[in-house]
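Participant:
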Amino acid sequence: MRQSMAWIHGWLGLVAGWILFAMFLTGTASYFRPEITQWMQPEFQPRRATDAEAAQTAIAWLRKNAPHDEQWTIYLPGERTPATRIFTRARANPDPKAPRPPRRPETRLDPATGVPVEARATRGGEFFYRFHFQLQLPHPWGRWLAGICAMFMLGAIVSGVITHKRIFADFFTLRWGKGQRSWLDAHNVSAVLALPYHAMITYTGLITLVVMYMPWPIMANYEKPAAFSADLYGDTSDQRASGRPGRLMDITRFTERASAEWGGARASRLIIGNPDDAESTVTVIRSSDDRLNARGASITFAGSSGKRLSASPAPGPAVQTAGVMLGLHMAWFAGPLLRYVCFLLGLTGSAMVATGLVLWTAKRRKPGARRFFGLALVERLNIGAVACLPAGMAAFLLANRLLPPMLDGRADLEVSAMFWTWFGLAGLSLLRPVGRAWIETLAIGAALFAAIPIADLLAGPGLFSPSRSRDSLSLAFDATMVLLAVLLGFAARRIAAPRVEERPRRRRPSGSPVVEELADVA
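Position in the sequence shown counted from 1, then plus 555, gives you our numbering.
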């Protein structure tokens, strides 16, 4: 049984390992998605505002700039997202066969003044978050590929647990400089150290998109997916416009009434349908930052009269389970300390995948033997994924400080900097011997991460500034970059260190009763 599981474990991990490493690493960075975006727009220093002030300034801006749109969506600012985020959708074509117009690009406002944010264009932490489960591929192919790899990961975790004979002893065993034995120890320690986290994050990631991966039960029981959503979350169909002009009541009355009904919980989002019509609606959605369930309740009011129209039904077991699964995966409820714990656990997951990939080649590499094509291919793919991707992510952040702030198309140029660095470095590594390629690419990644605080210092006070007038976010970000540079530098140094292979154990002569008894015990 263990031998069968070991075969499955090795090949499942290898086939999906390179994509899984990218998913783990970018997903780990996504724990600080709002903070990364805020760091990448240093010009934006908004004043704090209450939810009521932010909603009022957003409504004032929308009335001026999109008064006749079909729908307004307002994301209120929070502790981690200082800006008010706005999306609008143009009024649909009266022809029922015409496609519904897409949402317009996001607009970010200063919550206190309602003035659009004037800061450098960037995708910020949202890029890492989207890449984590879409892999920069068109919809839905990126999500399908990420889901298949996550299924492989779940199978590798289960088969790895069955394969282990010394799962508790491996928690405390890490031998340096022993070649294949060291890679096995590193893989075991990184896997066992955070085994519950690895199983949780993989399974909950699959559950969040399970309706896309397995739509057949819904298709068999519902003619339209909207009917399924209505049964789960209540009737969310849009109210049709009456054609008569109308005006919204004071928006704060809706948020205050909803908060009172939720026992003081704050609102996170407002969806306003047909804002200039007499039959306008205002849907207030509850924030999930203060609880594990990531699916917030909602209440819908009549925009002109303030009448309470409907509310989301009490969630059943399925909806509660799905909400908790999503909450565990996204960790929106986590405070700063717990987010850093999740960040470190995510790094152990990345290390688990990376050491497993390297272990596959270490097992098959024999001194003096000629490398076969499969082994050479896996070695080069390992370097391209494990050593070059961190350098690409560092280049993405570094480009944010090096490119001119108001350069046209700079958001796309930041993304291009990541991929050019990632794939370019992987291509250059083909020209170097495998051992030197590992050392040099990891050292380049360490240098790029170390350069980020320096570039931040040149753009303004940073970690090494004597005045240290920057806020705590900038200091923590720069310190994290230094930590990542140290980790990559340490990895390059360990690979460069001379290896000491384990000496083969001396065999004792057979036939001795004591030896035979010890062999039986073993």
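Just so it is clear, CB atoms sit at the ideal spot from N, CA and C, and this is done for glycine as well.
Can you tell me whether DSSP reads residue 910 as helix, strand or coil?
Facilitator: Note: residue 910 maps to helix in three-state DSSP.
Participant: I think residue 615 touches residue 669, with their Cβ atoms under 8 Å apart; what is that distance to the nearest whole Å?
Facilitator: At roughly 5 Å, the Cβ-Cβ gap stays under 8 Å, so residue 615 and residue 669 are in contact.
Participant: Within its chain, find whatever has a CB closer than 6 Å to the CB of residue 981; leave out the 5 residues flanking it on each side and keep chain order.
Facilitator: Result list for residue 981: 939 and 943, in chain order.
Participant: Taking the alpha-carbon positions, what's the residue 885 to residue 1005 distance?
Facilitator: Looking at the two C-alpha atoms, the distance is approximately 28 Å.
Participant: Buried or exposed: which applies to residue 1036, given that a residue is buried once 16 or more other Cβ atoms fall within 10 Å of its Cβ?
Facilitator: Buried, by the Cβ-count rule.
Participant: Quick check: what's the CA-CA separation for residue 598 versus residue 775?
Facilitator: One C-alpha to the other measures close to 52 Å.
Participant: Here's a check: name, in chain order, each residue in its chain whose Cβ is nearer than 6 Å to the Cβ of residue 897, leaving out the five neighbours to either side.
Facilitator: Cβ neighbours of residue 897 beyond the five flanking positions: 586 and 886.
Participant: Closest to residue 660 by CA distance: which of 637, 678 and 666 is it?
Facilitator: The shortest C-alpha separation from residue 660 is found at 678.
Participant: Got a sec, what are the start and stop residues for the beta strand (DSSP E) residue 603 sits in?
Facilitator: Residue 603 -> no beta strand (DSSP E), and no H or E assigned at all.
Participant: Between the Cα of residue 975 and the Cα atoms of 815, 958, 998 and 948, which residue gives the shortest distance?
Facilitator: The shortest Cα separation from residue 975 among 815, 958, 998 and 948 belongs to 948.
Participant: So what's residue 670 in DSSP terms, helix, strand or just coil?
Facilitator: DSSP places residue 670 in coil when its eight states are reduced to three.
Participant: Which whole-angstrom value is the C-beta distance of residue 822 and residue 606, which I expect to be below 8 Å?
Facilitator: The pair is a contact, with the Cβ atoms about 6 Å apart (cut-off 8 Å).
Participant: If you draw a straight line from the C-alpha of residue 836 to the C-alpha of residue 826, how long is it?
Facilitator: Computed Cα separation, rounded: 8 Å.
Participant: Which residues in the same chain as residue 977 place their Cβ atom closer than 6 Å to its Cβ, once the five residues preceding and following it in sequence are excluded?
Facilitator: So the qualifying residues of the chain are 943, 944 and 947.
Participant: Between residue 972 and residue 743, what straight-line distance do the alpha-carbon atoms span, to the nearest angstrom?
Facilitator: Distance between the alpha carbons of residue 972 and residue 743 is about 34 Å.
Participant: If you drop the 5 nearest sequence neighbours on each side, which residues of the same chain put their C-beta closer than 6 Å to that of residue 617?
Facilitator: Closer than 6 Å at Cβ, skipping near neighbours: 627.
Participant: Below 8 Å between beta carbons: does that hold for residue 609 and residue 631?
Facilitator: Contact: yes.
Participant: What is the DSSP secondary structure of residue 1124, reduced to helix, strand or coil?
Facilitator: Shown here, the chain extends from 556 to 1077; a query on residue 1124 therefore has no answer.
Participant: Take every Cβ of the stretch 846 to 860, pair it with every Cβ of the stretch 809 to 820, and state whether three or more of those distances are shorter than 8 Å.
Facilitator: In short, these stretches touch, since the Cβ pair count reaches three.
Participant: May I have the straight-line CA-CA distance separating residue 572 from residue 642, to the nearest angstrom?
Facilitator: Roughly 37 Å between the two C-alpha positions.
Participant: Between residue 574 and residue 701, what straight-line distance do the alpha-carbon atoms span, to the nearest angstrom?
Facilitator: C-alpha separation (whole angstroms): 8 Å.
Participant: DSSP puts residue 824 in a beta bridge; with which residues?
Facilitator: 630 and 840, per the DSSP bridge assignment.
Participant: State buried or exposed for residue 782, treating a residue as buried only when at least 16 other CB atoms are found within 10 Å of its CB.
Facilitator: Label assigned to residue 782: exposed.
Participant: Where residue 602 and residue 676 are concerned, what is the direct C-alpha to C-alpha distance, given to the nearest angstrom?
Facilitator: Each residue's alpha carbon lies about 20 Å from the other.
Participant: If you pair each beta-carbon of the stretch 688 to 703 with each one of the stretch 758 to 769, do three or more pairs fall below 8 Å?
Facilitator: Touching, yes, given that three or more Cβ pairs across the two stretches are closer than 8 Å.
Participant: Alpha carbons only, please: which of 964, 937 and 904 is nearest the one belonging to residue 751?
Facilitator: Checked all of 964, 937 and 904; the closest Cα to residue 751 is 904.
Participant: Identify whether residue 864 lies in helix, strand or coil by the three-state DSSP scheme.
Facilitator: Residue 864 falls in the strand class under three-state DSSP.
Participant: In the DSSP output, which residue or residues are listed as bridge partners for residue 800?
Facilitator: Note: residue 800 sits in a beta bridge opposite 832.
Participant: For the alpha helix (DSSP H) that contains residue 810, what are its first and last residues?
Facilitator: Here the alpha helix (DSSP H) through residue 810 covers 806 to 816.
Participant: Evaluate residue 590 with the Cβ neighbour count: other Cβ atoms within 10 Å of its Cβ, from every protein chain shown; 16 or more gives buried, anything less gives exposed.
Facilitator: Buried is the call here.
Participant: When the Cα atoms are used, what is the spatial distance from residue 798 to residue 832?
Facilitator: Cα to Cα, the separation comes out at about 6 Å.
Participant: So, for residue 847: in the same chain, excluding its five sequence neighbours on each side, which residues have a beta-carbon less than 6 Å away from its beta-carbon?
Facilitator: Cβ within range, chain order: 879, 882 and 888.
Participant: Taking all protein chains shown into account, do 16 or more other C-beta atoms lie within 10 angstroms of the C-beta of residue 927, making it buried, or fewer, making it exposed?
Facilitator: Counting Cβ neighbours within 10 Å, residue 927 comes out exposed, since fewer than 16 surround it.
Participant: To the nearest angstrom, how far is it from the Cα of residue 662 to the Cα of residue 640?
Facilitator: Their backbone Cα atoms lie some 6 Å apart in a straight line.
Participant: Rounded to whole angstroms, what is the Cα-Cα separation between residue 623 and residue 907?
Facilitator: Those two C-alpha atoms are separated by around 53 Å.
Participant: Which one of 780, 712 and 959 has the shortest CA to CA distance from residue 756?
Facilitator: Here the closest residue by C-alpha is 712.
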